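What follows is a set of notes on a single structure, which appears directly below.
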Amino acid sequence: MRILVFNAGSSSLKFGVFDLNAGETLDQAKHIFKGSFDRFGPKGCDYRHGIDKPVMEPAPYCTLDEATRAVPALLEQAGIGTIDAIGHRIAHGGDRFSAATQLTDTTLGAIDALTPLAPLHNPANLAAVHVARQVWPDLPQWAVFDTAFHLTNPARASTYAVPKDWRAQGLRRYGFHGTSHKYVAHRAAEVLGQQLRDLRLISLHLGNGASACAIAGGISIDSSMGMTPMEGLVMGTRSGDVDPGVFGYVQRELGLDVAQIEDALNRHSGLLGLTGSSDMRDVEERAAHGDTDAQLAIHIYAYRARKYIGAYAAAMGGLDVLVFTGGIGENSASMRRRICEGLGFMGVLLDHDRNMNVDLSARAAPQIQAYGARVNVLVTETAEQLMIAREVASAAARPKGQGARIPVAVSARHVHLCRKAVDALFGKGYELTQGKPLRQQGHWAAVERVALHGPKGSLHNVAILGPLRARTQIEVSRTDSFALGIDAPVRQSGKLDETPQIRLSGPAGTLDSDGLIIASRHIHMAPQDAGRMGVQDGDMVNVTLEATGRDLTFTRVLVRVSENAFTEMHIDTDEANAAGIQGEGAGQISAAATVMPDMTSRPD
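One rule links them: number in my numbering = place in the sequence shown (from 1) + 1347.
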């Protein structure tokens, strides 16, 4: 499949052409053309083209509109024929767009409505879309959103502690650079030869714009950028984190209005505000010659990044991989070293020679950690256009399961016990009594019950589901976790590493066990139903519940395909209460959410 990708800004247009098919690895994709127009003005612009040895020449195009319309002729000159689809980078998709979305009049209207959240980015992105739809009216065109990757951030990470009516207007943390962070995560897993779902990874995108992202189990769980790209790390011209009280203070003391303060924090702060230059190469050069402002800026930049690494490692319960990308992350060995200094306690140790001799040709992602270090440290070029093309190829190739009806079952709190747990709770060699059979073949509810005890309270008469497992798993709802006084993580069944401990009691004794989780909502599905509905194991879909009176759609529902499965969706009691159903109901797979087979969690 041949895909043309556009990344449009107010004064630039980047584009590329890729050959790839759904399911191919990043290494298998072929980048066959790369071009960009920069610095539009009355006399034209700069045109750069070529992959390995790019050439720059003047071009007569004065506007984004003219440049976009010139692309077909330029591709024809390069010998590139048929295009199958077009992908567009869109900065802000709000909380609605979680995956590559085909562009229609309806979706364009929804994206345009998000302009107040990204006034500097979305209008330019959409301008290129409108022209491209005129130039290629018969081609399917898709949007891929910078914010989509971060929609998996739990509510505790994405919610600002501000008045409810503010939040009702969309005030929340969204995160950006999502396409870059997603590429980096997948590339690191490929290079390390590991499953992304098994890694705790921090991606540092360090360029003129900079952000950190915590990725656990293949999904983003936190990102340093917030409602706008201004929050978080120090950047070229953006301040990063500041006290919100700055607005009132500067208004009173300096007489600036809100627009002037926003402009200063966006365009005249960061490295530029600290040193007078937004270019880290210039700042490092001046620091080496004794410029104290530049030296302080470097310390602040590295400290802020190091602080986020520590915070995100704590949020994930550890760290397996740290990846540097972006212009500074890729090219500044000294900044990589400064950021990693002092992190030896968590296993981050650099090898001097490897760090100083990074070669990123041919999409390489070299490791620069010291031999034997616990944390892998990698450097890689970001490839946002490639990731956009991959998202489009996957979305275009997938059969849509829209309209597929499935039963929905409410799963109340219960436990799955191992042999050791049964012995401790009911006596050595005790055999559980099989009671009511469950829909999933070979599964049953035991006659016996247990109690759960936490630091705040207890839950009694908790069901036991059989057969026995190799490891004890305790599934509760979010409300149950508050009743117990324990912060249970949202996990896919069986993903029990680093889960909290809880005390179980039975007639013969007690047992302290880990394995306490809130089960990620999921669909058990038989292979024949998966084929009929156009989904596969590991896919995530949206499910709209029927006749609830609340028009509720559950997003990012994990599909688990297995032989002998009975097809049904499982939700917990909190989700059932939100939907207004009791016991069981029915729903329809309304849309594919995203292809993310490494899913192990969900938003809180």
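Note that the Cβ used here is the ideal one computed from N, Cα and C, for glycine as well.
The structure presented is a predicted model; accordingly, all values stated were derived computationally and were not measured.
Starting from the Cα of residue i, find the closest Cα among the options and give me that residue.
| i | options | result |
| --- | --- | --- |
| R1796 | G1382, D1459, L1812, K1381 | L1812 |
| R1838 | L1815, G1776, D1919 | D1919 |
| S1567 | S1741, L1603, Y1596, T1494 | T1494 |
| R1520 | L1899, M1872, R1416, T1499 | T1499 |
| F1594 | L1580, L1892, D1610 | D1610 |
| I1647 | R1685, V1509, Q1787, P1713 | R1685 |
| A1933 | T1902, E1922, E1910, V1890 | V1890 |
| L1546 | D1399, L1621, I1675, N1723 | N1723 |
| G1322 | Q1607, A1641, L1603, H1636 | The shown model of the chain, from 1348 to 1951, leaves out residue 1322, and the question about it has no answer. |
| T1451 | H1435, T1462, H1800 | H1435 |
| T1819 | T1429, G1927, T1846 | T1846 |
| A1502 | K1803, P1484, G1522 | G1522 |
| S1527 | R1628, M1703, G1673, L1764 | G1673 |
| E1738 | F1365, I1936, K1775 | F1365 |
| L1892 | A1925, R1633, N1368 | A1925 |
| A1660 | V1705, E1631, A1559, L1601 | A1559 |
| A1438 | G1428, T1453, E1423, L1464 | L1464 |
| T1525 | F1492, A1504, Q1516 | In the sequence as presented, Thr is not what sits at residue 1525; that position holds Gly. Residue F1492 is the option with its Cα nearest to G1525. |
| A1658 | G1579, D1861, E1728 | G1579 |
Kindly list the residues whose CB is nearer than 8 Å to the CB of residue i, restricted to its own chain and excluding five residues on each side of it in sequence; keep chain order.
| i | result |
| --- | --- |
| V1402 | R1395, H1396 |
| Q1788 | N1911, A1912, F1913 |
| L1669 | L1548, I1549, L1551, I1656, C1687, V1695, V1722, N1723, V1724, L1725 |
| A1793 | L1779, T1780, Q1781, G1782, A1810, I1811, L1812, G1813 |
| T1947 | Unreliable placement is indicated for T1947, whose pLDDT of 33 sits below 50; the coordinate value is still reported in the next sentence. For T1947, where only same-chain residues beyond five positions count, the Cβ hits under 8 Å are R1544, A1563, G1564, G1565, I1566, R1838, Q1839, K1842, S1867. |
| Y1718 | D1698 |
| M1348 | D1366, L1367, N1368, A1369, D1431, A1432, A1740, A1743, A1744 |
| Q1883 | A1877, V1906, V1908 |
| H1869 | Q1839, S1840, V1904, L1905, V1906, R1907, M1916, H1917 |
According to the Cβ coordinates, are residue i and residue j closer than 8 Å?
| i | j | result |
| --- | --- | --- |
| V1823 | A1835 | yes |
| T1448 | A1475 | no |
| R1766 | L1843 | no |
| L1772 | L1858 | yes |
| A1866 | S1840 | yes |
| A1414 | F1380 | no |
| V1755 | M1916 | yes |
| G1885 | V1904 | no |
| I1350 | A1730 | no |
| A1355 | N1472 | yes |
| L1952 | A1768 | Here the chain has residues from 1348 to 1951 only, and residue 1952 is not among them. |
| V1908 | P1874 | yes |
| G1856 | G1832 | no |
| G1363 | Q1732 | yes |
| E1931 | V1757 | yes |
| F1353 | A1479 | yes |
| M1872 | I1936 | no |
| W1791 | L1799 | no |
| I1821 | V1762 | yes |
| L1612 | V1589 | yes |
| A1652 | I1645 | no |
Ignore the nearest five residues each way along the sequence and tell me which others in residue i's own chain have a CB closer than 7 Å to its CB.
| i | result |
| --- | --- |
| S1359 | S1383, F1384, D1385 |
| K1390 | none |
| L1518 | Y1507, V1509, M1574 |
| A1649 | M1682, R1685, I1686 |
| I1398 | H1378, K1381 |
| P1944 | For P1944, the pLDDT reaches just 35, beneath the cut-off of 50, and the residue's location in the model is therefore unreliable, leaving the point undetermined. |
| G1388 | C1409 |
For residue i, list the residues DSSP reports as bridge partners.
| i | result |
| --- | --- |
| D1569 | A1561 |
| Y1394 | F1384, E1404 |
| V1476 | For V1476, which the question treats as bridged, DSSP gives no partner whatsoever. |
| S1852 | A1798, T1857 |
| L1351 | V1364, I1433 |
| I1864 | E1822 |
| R1838 | A1866 |
| H1552 | S1558, T1672 |
| M1880 | BP columns for M1880 are empty, so no partner. |
Is the CB of residue i under 8 Å away from at least one CB in chain B?
| i | result |
| --- | --- |
| H1552 | The structure shown contains no chain B; it holds only a single protein chain. |
Return the chain-ordered list of same chain residues with a C-beta closer than 6 Å to the C-beta of residue i, the five sequence neighbours on each side being excluded.
| i | result |
| --- | --- |
| A1743 | A1432 |
| T1941 | A caution first: T1941 carries a pLDDT of 41, below 50, which makes its placement in the model too unreliable to give a value. |
| V1705 | P1713, V1726 |
| F1671 | L1551, R1683, V1726 |
| S1357 | A1471 |
| R1760 | V1809, V1823, D1827 |
The ligand FAD and residue i: does any heavy atom of the ligand fall closer than 7 Å to the residue's C-beta?
| i | result |
| --- | --- |
| I1458 | The ligand content of the structure shown is nil, which means the ligand FAD is not present either. |
ask   = Between the stretch 1572–1581 and the stretch 1687–1697, are three or more C-beta pairs nearer than 8 Å?
value = Flag = no, the stretch 1572–1581 and the stretch 1687–1697 do not touch.
Touching by the beta-carbon criterion (3+ pairs, under 8 Å), the stretch 1580–1595 and the stretch 1552–1566 = With the cut-off at 8 Å, the stretch 1580–1595 and the stretch 1552–1566 touch.
inquiry  = With three or more C-beta pairs closer than 8 Å as the rule, is the stretch 1528–1539 touching the stretch 1373–1381?
reply    = With a cut-off of 8 Å on Cβ pairs, the stretch 1373–1381 is in contact with the stretch 1528–1539, counting three or more such pairs.
Cβ pair count under 8 Å reaching 3, the stretch 1710–1726 against the stretch 1412–1430 = Pairwise C-beta distances place the stretch 1710–1726 out of contact with the stretch 1412–1430, as fewer than three of them are shorter than 8 Å.
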